[in-house]
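Q:
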């Protein structure tokens with residue numbers, strides 16, 4: 087019994103992206119109750135030189151999508167980054183969940199020592215599968231999902247830690 | 087080759103807590119340059135009903151400490167939650183790094199199916215080691231560390247994604 091590369095990644099993405107969908111429902115309810123357009127939330131930032139809410143969602147989804155695709159040796163599906171509404175962001179999240187679930191576990195498992203090439207601003211980085219997943223993909227994924235949560239909290243959406251974590255099955 | 091419970095947890099804590107120490111250095115430099123007391127940062131919040139920066143650090147450290155202790159079946163060392171300065175927060179982070187590194191890997195490995203009892207507000211939760219680590223400990227840890235980062239960014243500290251992720255060895 088040990089954790090596989092699939093079990094360390096896909097179930098975490100699916101769970102947190104599902105939680106994120108529930109936060110969007112609360113965000114929509116908050117905007118309706120306070121009578122402002124949800125586009126205000128989508129454009130919101132924690133600092134002028136940070137990415138807005140929409141980009142946090144897009145990049146968080148891409149962390150999961152590219153993480154799974156690169157480990158599995160697949161070309162990731164292209165998503166256009168053209169979401170402008172909450173419903174379009176929901177669709178982006180659902181497409182991402184569907185994609186990461188569509189990749190067979192066997193294609194992700196056993197990639198701990200595989201060389202993964204990651205395109206970066208300063209040229210491609212080659213890194214083994216396990217540190218790639220733990221220190222790059224998961225950190226990036228949690229960064230963007232948590233920043234999205236922080237933006238909603240900062241804007242008054244009624245969320246708490248149990249929304250962040252989701253229900254824990256015993 | 088697969089990921090062990092130890093390799094999925096301790097190296098991630100040590101790495102991100104080390105990154106957090108570097109963010110504190112930038113926070114201190116920012117406060118000095120702008121001539122405000124760092125206690126302002128320590129008391130800052132993203133929303134009136136969110137915990138302040140000091141608590142985010144304390145609870146983030148505790149997520150790592152209790153995660154390791156519960157998996158290993160050890161009593162966690164008690165930290166008093168009495169930090170009031172940046173230097174005291176640094177010491178808290180370093181104590182946490184030292185503690186999680188002090189627990190032998192063999193005591194954490196193999197705990198995937200172990201029943202872990204987690205005290206929670208509504209009574210103790212019993213959960214298997216692997217979901218405990220992935221969906222409770224890591225999510226909580228990333229939540230508080232990322233919220234601390236968000237607070238610093240929101241307050242103008244000069245940080246970027248490479249500070250968040252830290253250097254990636256190839």
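Residue numbers (our numbering), protein chains in the order written: chain X, 87 to 256; chain S, 87 to 256. Glycine included, C-beta positions come from ideal geometry on N, C-alpha and C.
Tell me whether the beta-carbon of residue 178 (chain X) lies closer than 7 Å to the beta-carbon of residue 166 (chain X).
A: For residue 178 (chain X) and residue 166 (chain X), no; Cβs fall outside 7 Å.
Q: Sort out for me which residues DSSP pairs residue 181 (chain X) with in a bridge.
A: None; residue 181 (chain X) has no bridge partner.
Q: For residue 132 (chain X), decide whether its Cβ has a neighbour in chain S, counting only Cβ atoms nearer than 7 Å.
A: By this cut-off, residue 132 (chain X) is an interface position.
Q: Can you pull the DSSP bridge partners for residue 203 (chain S)?
A: DSSP lists S:212 as partners of residue 203 (chain S).
Q: Which residues in the same chain have their Cβ closer than 8 Å to the Cβ of residue 143 (chain X), if we skip the five residues on either side of it in sequence?
A: Hits under 8 Å: 106, 169, 175, 178, 179, 230 and 234.
Q: If we call anything under 7 Å between Cβ atoms a contact, is residue 171 (chain X) one with residue 147 (chain X)?
A: No, these two residues do not count as a Cβ contact at 7 Å.
Q: Taking residue 204 (chain X) as the reference, give the member of X:188, X:238, X:159 and X:185 with the closest Cα.
A: It is X:159 whose Cα lies nearest to the Cα of residue 204 (chain X).
Q: Chain X partners of residue 220 (chain S), CB-CB under 9 Å?
A: In chain order: 89, 93, 94, 97, 98 and 101.
Q: Establish whether the CB of residue 228 (chain S) and some CB of chain X are separated by less than 7 Å.
A: Yes, residue 228 (chain S) lies at the interface with chain X (some Cβ there is under 7 Å from its Cβ).
Q: If we define contact as Cβ-Cβ less than 7 Å, is residue 251 (chain X) a contact residue for chain S?
A: With 7 Å as the cut-off, residue 251 (chain X) counts as an interface residue toward chain S.
Q: Compute the Euclidean distance between the alpha carbons of residue 119 (chain S) and residue 187 (chain S), then round it to the nearest angstrom.
A: Looking at the two C-alpha atoms, the distance is approximately 35 Å.
Q: Quick one: residues in its chain with C-beta nearer than 8 Å to the C-beta of residue 91 (chain S), no 5 flanking neighbours on either side, listed in chain order?
A: Excluding sequence neighbours, residue 91 (chain S) sits near 157, 194, 195, 196, 197, 198, 215, 216 and 219.
Q: Would you say residue 207 (chain X) lies against chain S (beta-carbon separation less than 7 Å)?
A: Residue 207 (chain X) does not count as touching chain S.
Q: For residue 239 (chain X), would you say it is in contact with chain S, using Cβ-to-Cβ distances shorter than 7 Å as the test?
A: With 7 Å as the cut-off, residue 239 (chain X) counts as an interface residue toward chain S.
Q: Only counting the same chain, and skipping five residues up and downstream in sequence, which positions put a Cβ closer than 6 Å to that of residue 213 (chain X)?
A: Answer for residue 213 (chain X): 202, listed in chain order.
Q: Could you tell me which chain X residues have their CB closer than 8 Å to the CB of residue 232 (chain S), listed as they occur along the chain?
A: Correct list: 228, 229, 232, 233 and 236.
Q: To the nearest angstrom, how far is it from the Cα of residue 129 (chain X) to the Cα of residue 246 (chain S)?
A: Taking the straight line from one Cα to the other gives about 20 Å.
Q: In chain order, what residues of the same chain have a beta carbon less than 8 Å from the beta carbon of residue 151 (chain S), not counting five sequence neighbours either side?
A: 162, 163, 165, 182, 185 and 186.
Q: Round the Cβ separation of residue 46 (chain X) and residue 221 (chain S) to the nearest angstrom and send it over; I've been treating them as touching at under 8 Å.
A: This structure gives no information on residue 46 (chain X), because the portion of chain X shown stretches from 87 to 256.
Q: According to DSSP, what are the bridge partners of residue 89 (chain X)?
A: Answer is S:89.
Q: Restricting to Cα atoms, I'd like to know which of S:200, S:133, S:123 and S:190 is closest to residue 236 (chain S).
A: Checking every option, the nearest Cα to that of residue 236 (chain S) belongs to S:133.
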